[in-house]
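Heads up: the structure comes next, in structure tokens.
Residue numbers (the working numbering), protein chains in the order written: chain V, 1 to 157; chain R, 158 to 388.
Shown next as structure tokens:
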């Protein structure tokens, strides 16, 4: 029973893992976008080419391990709240030192409001560049590794 | 859609791509953790850095009762002990300093005109007037403030007839008053106010004129000590 449950969960878990990867890229990009001069690497102004490069590269690589187009789209959307969460955690990280005297909801609003252009940008970037990755995957005939491949092959071609 | 259905067991496994994802994840997590540490250290610096100003007044060229002669001068040594418990190195950038002396002649009604220009403190016991002896701000380029250290910096201010005749004349008038009424120039109350701007090392200033204000201020620490009588 557990094996069958795991087999059923493999596909959503795989999509969630890829969405988490995209969300990590998005969350870091948002933090860099909002606080470019305290990020690593530090810059006086946020570099849009660098941000687009990070998001596009992550989307292409994610597309290379994505199983199909619907999964690509779902992953792209699921990555947005994950990105918000990661950017929020980074922005509130100084509170661990005990010296940040602001409310968590204010930080969250700050990260959502100032990062909003990137969240909007991430949706088409994840979809389009994810599709590019999917096409490359098909071109080179990549298949899911055995440890990630669903065993319920009966209902699939 | 069938073109994207890649469950077929034929073809090459995508395991190497997962290694690429793992490597990129490690890099992104490293950048994120580095950013969080950098940001936290800046917040800690902005919250914990403080300074303690100490002033030492030296009158040169005085009469026997302590009042200033026309060729005398007042030299004030301002010593700043900057306490930097953070892990960031700081640079002194701007120093503003003001010093007031209690204006006895104005308080006693001997000089009504200075009551208009003097700063004052009102209390139930009456109004006290203070003459501005030194005022000004300047850029400073001293040795940096190391992380976890409390270095001291000394700045000297001099007032004499050659430097500012009008202000020196008032100071002479005030020292004459206190020397003749209290027998000691030191009987007058003195107030100082110091504002210090420090820059956190390694934080690039936002260059764009349209940059958000928090980006311009995030690398700067402003502190002030003392009583600003004109505020």
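Note that beta-carbon positions come from the ideal geometry of N, C-alpha and C, so glycine has one too.
As the structure is a prediction and not an experimental result, all values here were calculated from the model.
Once DSSP output is grouped into helix, strand and coil, what is the label at residue i?
| i | result |
| --- | --- |
| residue 35 of chain V | coil |
| residue 244 of chain R | coil |
| residue 174 of chain R | helix |
| residue 361 of chain R | coil |
| residue 325 of chain R | helix |
| residue 187 of chain R | helix |
| residue 253 of chain R | strand |
| residue 372 of chain R | helix |
| residue 52 of chain V | helix |
| residue 158 of chain R | Only weak support is given to the placement of residue 158 of chain R: the predicted model assigns it a pLDDT of 41, under 50, and the question is left unresolved by the model. |
| residue 208 of chain R | strand |
| residue 58 of chain V | helix |
| residue 302 of chain R | strand |
| residue 320 of chain R | coil |
| residue 63 of chain V | helix |
| residue 43 of chain V | coil |
| residue 23 of chain V | helix |
| residue 101 of chain V | coil |
| residue 265 of chain R | coil |
| residue 1 of chain V | coil |
| residue 157 of chain V | Interpretation of residue 157 of chain V is limited by its pLDDT of 40, a score under 50 that renders its predicted location unreliable; no figure is taken from the coordinates. |
Check each candidate in the options and name the one with the smallest Cα separation from residue i.
| i | options | result |
| --- | --- | --- |
| residue 56 of chain V | V:90, V:97, V:23 and V:112 | V:23 |
| residue 384 of chain R | R:219, R:253 and R:230 | R:253 |
| residue 346 of chain R | R:352, R:335, R:320 and R:207 | R:335 |
| residue 339 of chain R | R:169, R:180, R:223 and R:349 | R:223 |
| residue 53 of chain V | V:118, V:84 and V:103 | V:118 |
| residue 69 of chain V | V:129, V:2 and V:7 | V:129 |
| residue 90 of chain V | V:14, V:45, V:114 and V:39 | V:39 |
| residue 363 of chain R | V:87, V:9 and V:46 | V:46 |
| residue 311 of chain R | R:185, R:365, R:209 and R:189 | R:209 |
| residue 377 of chain R | V:41, V:37 and V:135 | V:37 |
| residue 259 of chain R | R:276, R:387 and R:215 | R:276 |
| residue 18 of chain V | V:127, V:8, V:31 and V:5 | V:127 |
| residue 365 of chain R | V:101, V:43, V:84 and V:75 | V:43 |
| residue 381 of chain R | R:187, R:229, R:294 and R:270 | R:294 |
| residue 50 of chain V | V:65, V:79, V:26 and V:104 | V:26 |
| residue 356 of chain R | R:320, R:331 and R:203 | R:203 |
| residue 78 of chain V | V:21, V:102, V:140 and V:131 | V:21 |
| residue 326 of chain R | R:341, R:207, R:302 and R:262 | R:262 |
| residue 207 of chain R | R:179, R:323, R:269 and R:302 | R:302 |
| residue 65 of chain V | V:82, V:35 and V:134 | V:134 |
| residue 368 of chain R | V:12, V:11, V:34 and V:6 | V:34 |
So residue i and residue j are supposed to be a Cβ contact under 8 Å. How far apart are they, rounded?
| i | j | result |
| --- | --- | --- |
| residue 183 of chain R | residue 99 of chain V | Going by Cβ atoms, the distance from residue 183 of chain R to residue 99 of chain V rounds to 29 Å, so no, they are not a contact pair. |
| residue 197 of chain R | residue 213 of chain R | Not a contact, Cβ separation roughly 38 Å. |
| residue 348 of chain R | residue 288 of chain R | Wrong, their Cβ atoms sit about 11 Å apart, outside the cutoff. |
| residue 71 of chain V | residue 15 of chain V | 5 Å |
| residue 220 of chain R | residue 251 of chain R | With a Cβ gap of about 38 Å, residue 220 of chain R and residue 251 of chain R do not count as contacting. |
| residue 328 of chain R | residue 290 of chain R | 6 Å |
| residue 238 of chain R | residue 307 of chain R | 6 Å |
| residue 241 of chain R | residue 249 of chain R | Contact flag wrong, Cβ pair sits at about 11 Å. |
Let me check you understand the geometry: is the CB of residue i closer than 8 Å to at least one non-hydrogen atom of the ligand ATP?
| i | result |
| --- | --- |
| residue 201 of chain R | Absent from the structure shown: the ligand ATP. Ligands present: none. |
Give the range of the beta strand (DSSP E) segment to which residue i is assigned.
| i | result |
| --- | --- |
| residue 226 of chain R | 225-240 |
| residue 269 of chain R | Careful: residue 269 of chain R lies outside any beta strand (DSSP E) and carries neither H nor E. |
| residue 276 of chain R | 276-280 |
| residue 312 of chain R | 309-317 |
Taking the DSSP output, what are the residues bridged to residue i?
| i | result |
| --- | --- |
| residue 383 of chain R | R:350 |
| residue 356 of chain R | R:248 and R:377 |
| residue 213 of chain R | R:234 |
| residue 143 of chain V | R:170 |
| residue 28 of chain V | Paired residue(s): none; residue 28 of chain V is not in a bridge. |
| residue 332 of chain R | Looking at the DSSP assignment, residue 332 of chain R forms no beta bridge with any residue, so it has no partner. |
| residue 259 of chain R | R:287 |
| residue 219 of chain R | R:225 |
Starting from residue i, trace the alpha helix (DSSP H) in both directions and tell me its first and last residue.
| i | result |
| --- | --- |
| residue 138 of chain V | 104-139 |
| residue 71 of chain V | 69-92 |
| residue 290 of chain R | From DSSP, residue 290 of chain R is part of no alpha helix (DSSP H) but of the beta strand (DSSP E) over 283-296. |
| residue 366 of chain R | Counting along the chain, residue 366 of chain R falls outside any alpha helix (DSSP H), and DSSP gives it neither H nor E. |
| residue 343 of chain R | Counting along the chain, residue 343 of chain R falls outside any alpha helix (DSSP H), and DSSP gives it neither H nor E. |
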